[in-house]
Structures are given as C-alpha cells and as structure tokens.
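Residue numbers (my numbering): 1 to 339. Note that beta-carbon positions come from the ideal geometry of N, C-alpha and C, so glycine has one too. Worksheet for the structure shown next.
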Ligand SMILES: NC(=O)c1ccc[n+]([C@@H]2O[C@H](COP(=O)([O-])OP(=O)(O)OC[C@H]3O[C@@H](n4cnc5c(N)ncnc54)[C@H](O)[C@@H]3O)[C@@H](O)[C@H]2O)c1
Ligand SMILES: [Zn+2]
C-alpha cells in the first residue's frame, strides 16, 4: 500500500492517499473498529460500509454540537467500545471534527483515523489535528488539538459530491495557492473545475499537493503561533460575511480573499488582485458582495484571532507569498469602510 508518514510534535500520522476504502482492513482491526459517518455519505455509498460496525449521524453543521457527541458516546458505550477501539470518521469536515473530538475524550482518548469524502475535508479539515464542535453561534469553540493515526483517501466518494461542495473545496485550494504555491496558482488558471471533475488523476495530484502543503504548514507550527495563521487567508472578513449573509463557507472565504487582496494592495505592495478575482470567478465562486461594513467590523473585532489593539491579518505580498501583518484596529476599521 502507498503510505507516507508525517511527524507532528507528539505523534506521527500515516497518509494513505492513493488507495481506497477497501484497504481500511489492512490498517485497522475490523472487529474493534467503529465507523462514524453521516446519512448523505452512507446513503450514497452503503455497500462500502458492509461488514463494518457503523454509526450514522444526521448531516450538517447544525449537528456539529455537544448533543451529537453525547449521543455518539452513548452509542459507543452500547456497542462496547473500549480503549482498544478505533473510530474512523468517513465524511466531510463535520464528521472528521466530531469523530476526532469524540475519540479524544472517550475513555480519555482512543485511536482514530479519517477517510475524508469532500474536497474540503481532504485538503483541509482532516489535516492538522484540530477537531472541535460549535457552541451556539460560536464555531469550533470547544475542541482539542490531537492528530489522527491515519488518513486514507478514496476518490470514489467524490462521485456523489454536489457541485456546491466541489466549489467549497476549491475555495480552500485557491487559498493555498495564494499563500504558498504560485505554480499551483498557474495550474489552476490553466485548468477548470470541469477538468478536475473529469480527470481523476489530475484531481488526485492536486489534492495530494494541497494535503502536503497544509501538512507542512501545520508541521512547522502545530499550535498556531506563526505560519499556521496563513491558513486564515480570506477567513477574517469571510467569517463575518458568512455570519451575516446566506453564503456557504467557500463563498464567504473567496469574498474574504478578494477583500484581503485589496487590503494587501494598500499595506503590502500586492499588485495581482485582478488575477485572484478572475481565478475565483473561474471556479464558480463569488468575489464580491455588498456588505454592512460597520457590522462586519464589529464581528471581525470579536474574532478570536485578535491580539490586543491590533489584529493579525493575512495579506499577500505576491501570489504564492502570504504574510501575517498586525493591523491596528482603528486603521482596519477605516480600511474596511473604504473597501
Ligand atoms: N478541523 C479543521 O482543521 C477544519 C478545517 C476546515 C474546516 N473544518 C470544518 O469542516 C466543516 C466543513 O466541512 P465540509 O465542507 O466537508 O462539510 P460537511 O461535512 O458538512 O459536508 C458537506 C455536505 O456534503 C455531504 N457529503 C459529504 N461527503 C459527501 C459525498 N462524498 N457525497 C455526497 N455528499 C457528501 C455532507 O453530508 C454535507 O451535507 C466545518 O464544520 C468546518 O468547521 C475543520
Ligand atoms: Zn475555510
């Protein structure tokens, strides 16, 4: 089996990228493994769960909350899960977050792994060991940083992925290109979503490149004191816009990236906003929206990444080179109003 092992501060993670769910039984002991998935994934791929003990949760962000974890834990107890059990989250980022979190607190922590089934969870949510749940309006307010034992990919899952979820995933891929990988940015410009959807090999290579990119950023800075902040590119105003309007996460992030580019022009000498906007548009994502500036600033100010009177903002010096710059809040307020 094709395997790469990546070391993090307190553990290492085995990545089985070009393999498939049929290899899962070579990684874990089937009798002591419990799969956690959601109804959408289970209904579209039922036969792949045959012979596996499986817990099927309701799909959606609104279920990424403590009552779902309580219910999952009750089922684990009922099924006799013990310290030797392994949980495998098969699904999008909601499932990996719930599985990683529940596995980290069940009996003070049992082994877990992920089979991500959305582009977003392959290139982003499954990597890095942050797993948490939402509390009221606060996203990812409670959780842990603990690495999974393994990540396994099976591209067959994306056959059932809705178009909107492809776009969400590509928003994070474009983000990665902007902050760290100019050559990937060129590749994305030369291709299109349709190309990646029809050419599995090209998609696998792109996904792998993004997995490695995020992994390296996290390896350098597992506990988010420096480089890992770059992954928040587009997410500051993006989160505010996601909170206020009916955009998906990916859509809010691409809008946030456009505005971060405009701020980068003012504060970091960036000159390529037009290219970023064209790429975002090419992948079916929005680049602009009208928004309530005062309300957005208010939400940004409450963002947990705030440091005293300045806010760490991720800007671009050029495509492929992101930087973190503290912007004094009064200056940021003025800039947001001028956007
Ligand atoms: N832990 C982290 O570091 C991290 C990073 C980024 C995002 N996240 C979290 O990830 C979540 C978003 O992840 P997501 O976009 O994968 O969301 P998701 O898990 O809600 O999946 C999106 C939708 O697609 C469905 N789905 C999943 N796989 C499918 C498939 N193969 N075929 C058909 N339908 C499928 C799901 O049921 C859901 O309706 C958020 O909760 C976010 O906070 C976590
Ligand atoms: Zn994101």
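With a cut-off of 8 Å, the C-beta of residue 132 is classified as near ligand 1, since at least one heavy atom of the ligand falls inside that distance. In the three-state reduction of the DSSP assignment, residue 157 falls in the helix class.
For ligand 1, a non-hydrogen atom lies closer than 8 Å to the CB of residue 165. In this chain, the beta strand (DSSP E) harbouring residue 132 covers 130–135. Rounded to whole angstroms, the gap between the alpha carbons of residue 231 and residue 34 is 31 Å. The segment 93–109 and the segment 35–52 touch, with three or more beta-carbon pairs separated by less than 8 Å. Between residue 253 and residue 119, the C-beta spacing is not below 9 Å.
At least one heavy atom of ligand 2 falls within 8 Å of the beta-carbon of residue 175.
Those residues that have a beta carbon less than 6 Å away from any non-hydrogen atom of ligand 2 are, in order along the chain, 172, 235, 249 and 253. DSSP places residue 86 within a strand segment (E or B) once states are collapsed to three. When 78, 260 and 317 are compared, the shortest CA-CA separation from residue 336 is found for 260.
Of the other Cβ atoms in all chains shown, 16 or more fall within 10 Å of the Cβ of residue 258; this residue is therefore buried. Set against 8 Å, the gap from the CB of residue 47 to the closest heavy atom of ligand 1 is not smaller. When DSSP states are grouped into helix, strand and coil, residue 228 belongs to the helix group. Within the same chain, 1, 16 and 152 come within 8 Å of residue 23 by CB-CB distance, once the 5 residues on both sides are set aside. If you draw a straight line from the Cα of residue 134 to the Cα of residue 268, it is about 34 Å long. When C-beta atoms of the segment 238–253 are compared with those of the segment 282–302, three or more pairs fall below 8 Å, so the two segments count as touching. At least one heavy atom of ligand 1 sits closer than 8 Å to the Cβ of residue 61.
Here residue 312 carries a strand assignment [DSSP, helix/strand/coil]. Here the C-alpha atom of residue 60 lies approximately 20 Å from the C-alpha atom of residue 49.
For residue 281, the closest alpha carbon among the candidates 316, 138, 180 and 255 is that of 255. Boundaries for residue 275: no beta strand (DSSP E) harbours it, while the alpha helix (DSSP H) harbouring it runs 273–282, taken from the DSSP string. If the five residues before and after residue 160 are omitted, its C-beta is found closer than 6 Å to the C-beta atoms of 44, all from its own chain and listed in chain order.
A contact between stretches requires three or more CB pairs, one per stretch, nearer than 8 Å, and the segment 192–208 fails this requirement with the segment 223–230.
Within the segment 16–100, the complete alpha helix (DSSP H) segments of 4 residues or longer fall at 24–27, 39–44 and 66–78, listed in chain order. By the neighbour-count criterion, in which a residue is buried when 16 or more other Cβ atoms sit within 10 angstroms of its Cβ, residue 85 is buried. Ligand 1 has a heavy atom closer than 8 Å to the beta-carbon of residue 160.
Taken through DSSP and simplified to helix, strand or coil, residue 6 comes out as strand. If you look at residue 209, you'll find it in the alpha helix (DSSP H) that goes 200–220. Taking a contact to require three or more Cβ pairs closer than 8 Å, the segment 125–142 and the segment 174–184 do not qualify as touching. For residue 324, there is no enclosing alpha helix (DSSP H); the residue is part of the beta strand (DSSP E) that begins and ends at 321–328.
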